[in-house]
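In our numbering, the protein residues as written are 7 to 310.
Quick reminder that beta carbons are idealized off the backbone N, C-alpha and C, glycines included.
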Ligand code: PSU
Ligand code: MN
């Protein structure tokens with residue numbers, strides 16, 4: 007395994023000293039946000055994690071090498087380069103064997119971070135069961151990964167471009183705990199409430215770290231979904247964003263957009279029709295997740 011991996015010096019040192027490390031994905035940079043906001047956000051997320059006392063490890067694949075921790079130039083490469091392939095679990099061996107560049111999704115970031123022994127991962131939103139998924143079987147590989155890889159994933163819930171009810175059913179079947187951080191609700195990304203409940207409410211990082219430790223000490227394999235709601239002052243009006251999402255989903259269908267293109271299309275279209283409001287909300291919720299994720303990594307490192 008190790009022969010495929012390049013660690014940044016900072017991350018290598020932190021792992022050796024068993025310091026708290028937080029994984030970050032690169033699909034959000036290459037396919038989730040436009041330049042230059044993607045780069046500003048990626049840098050600021052790393053800065054927030056450092057301020058909380060943890061070391062950020064942004065993850066991606068460059069010329070076939072699995073990168074755990076990116077330098078400033080490498081971050082910029084992921085933010086600007088056009089030919090970077092959105093890489094989920096299935097894509098990893100094709101990308102490495104052909105020495106290509108891959109931006110990692112939630113699923114593949116979990117895998118690569120897991121190889122490096124990292125246990126905490128901060129992102130924006132997870133993939134899920136798409137609307138109509140019971141017919142199309144469009145279910146993000148992110149969900150399967152939660153049953154396979156030991157990782158606490160801090161997100162702002164799932165967007166209503168997805169069927170949130172079916173997404174939660176799927177996670178339940180896979181035995182994945184869904185925690186509301188400071189809330190009973192499962193959050194809906196742009197808005198604080200989805201109308202669905204999380205399995206448990208947890209109010210502080212140490213309580214969450216104890217659950218992580220027990221799960222993995224007992225060899226109960228897999229991840230945890232930590233739903234951390236967007237801050238109140240950054241939340242979008244539910245009627246406004248949900249109707250924009252309805253229209254975007256219909257448009258994607260009409261245009262015949264399929265497979266891995268669906269999520270990037272919806273995100274970019276929503277940004278245009280909301281005149282950037284969805285992007286601003288997305289950035290704020292990621293910052294908020296970075297704060298909580300940093301705290302969780304520190305609390306977990308103190309327990310282990
Ligand atoms: N949700 C966002 N921004 C993103 C993604 C999801 O708000 O950038 C990305 C993540 O990398 C996630 C992926 O893992 O989309 C899911 O894609 P798919 O639905 O094709 O599995
Ligand atoms: Mn899909």
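Check, Outcome
"Do residue 302 and residue 215 have their beta-carbon atoms positioned less than 8 Å apart in this structure?", "yes"
"What's the gap between the Cα of residue 110 and the Cα of residue 245?", "32 Å"
"Is residue 197 near ligand 1, with its Cβ less than 7 Å from a heavy atom?", "no"
"Out of 25, 34, 53 and 23, which has the shortest C-alpha to C-alpha gap to residue 297?", "53"
"With a cut-off of 8 Å on the beta carbons, I'd call residue 163 and residue 200 a contact; round off their distance for me.", "6 Å"
"Starting from residue 93, follow its DSSP beta bridges and name the residues at the other end.", "110"
"With a threshold of 7 Å, establish whether the CB of residue 265 neighbours any heavy atom of ligand 2.", "yes"
"Report the option in 234, 211 and 299 whose CA atom is closest to the CA atom of residue 197.", "234"
"Closer than 7 Å by C-beta to residue 17: which residues in its own chain qualify, once you throw out the five before and the five after it? Chain order, please.", "27, 61, 63, 74 and 75"
"Who are the near neighbours of residue 289 in its chain, counting only those whose CB is closer than 7 Å to its CB and skipping five residues on each side?", "43 and 47"
"Please classify residue 10: is it buried, with 16 or more other beta-carbons within 10 angstroms of its beta-carbon, or exposed?", "exposed"
"Compute every distance between the C-beta of residue 287 and the non-hydrogen atoms of ligand 1, then say whether any falls below 7 Å.", "no"
"DSSP three-state label for residue 219, please.", "helix"
"Report the CB separation of residue 126 from residue 31 in whole angstroms; it is logged as a contact under 8 Å.", "Wrong, their Cβ atoms sit about 13 Å apart, outside the cutoff."
"Residue 115 to residue 66, Cα distance in whole Å?", "8 Å"
"Specify the secondary structure class of residue 134 as computed by DSSP and reduced to three states.", "coil"
"Mind checking whether the beta-carbon of residue 146 lies closer than 7 Å to any heavy atom of ligand 2?", "yes"
"Report, in whole angstroms, the separation of the C-beta atoms of residue 192 and residue 184, which I expect to be a contact under 8 Å.", "6 Å"
"Scan the region 41-73 and note each continuous alpha helix (DSSP H) run of 4 residues or more that stays entirely inside, going in chain order.", "43-57"
"I think residue 279 touches residue 230, with their Cβ atoms under 8 Å apart; what is that distance to the nearest whole Å?", "Actually they do not touch by this definition, with Cβ atoms about 33 Å apart."
"Taking 8 Å as the cut-off, decide whether the C-beta atoms of residue 167 and residue 292 are in contact.", "no"
"List in chain order: all unbroken alpha helix (DSSP H) runs of 4+ residues lying wholly within the region 161-194.", "170-179"
"Between residue 281 and the rest of its own chain, which residues show a CB-CB distance below 6 Å, the 5 nearest in sequence each way excluded?", "none"
"Please report the straight-line C-alpha distance between residue 99 and residue 239, rounded to a whole angstrom.", "42 Å"
"Should residue 308 be labelled buried (16 or more other beta-carbon atoms within 10 Å of its own) or exposed?", "exposed"
"Keeping to the same chain, check which residues put their C-beta closer than 7 Å to that of residue 203; ignore five residues upstream and five downstream.", "190, 191 and 192"
"Leaving out five residues before and five after residue 123 in sequence, what residues of the same chain have Cβ atoms less than 7 Å from its Cβ?", "21"
"So is residue 59 buried or exposed if we call it buried at 16+ other beta carbons inside 10 Å?", "exposed"
"Nearest CA to the CA of residue 171: which residue from 34, 68 and 135?", "135"
"Tell me the DSSP secondary structure of residue 156 in three-state form.", "coil"
"Check whether the Cβ atoms of residue 1 and residue 130 sit closer than 8 Å, and answer yes or no.", "There is simply no residue 1 to check, as the chain begins at 7 and stops at 310 in what is shown."
"Helix, strand or coil for residue 228? Go by DSSP, reduced to three states.", "coil"
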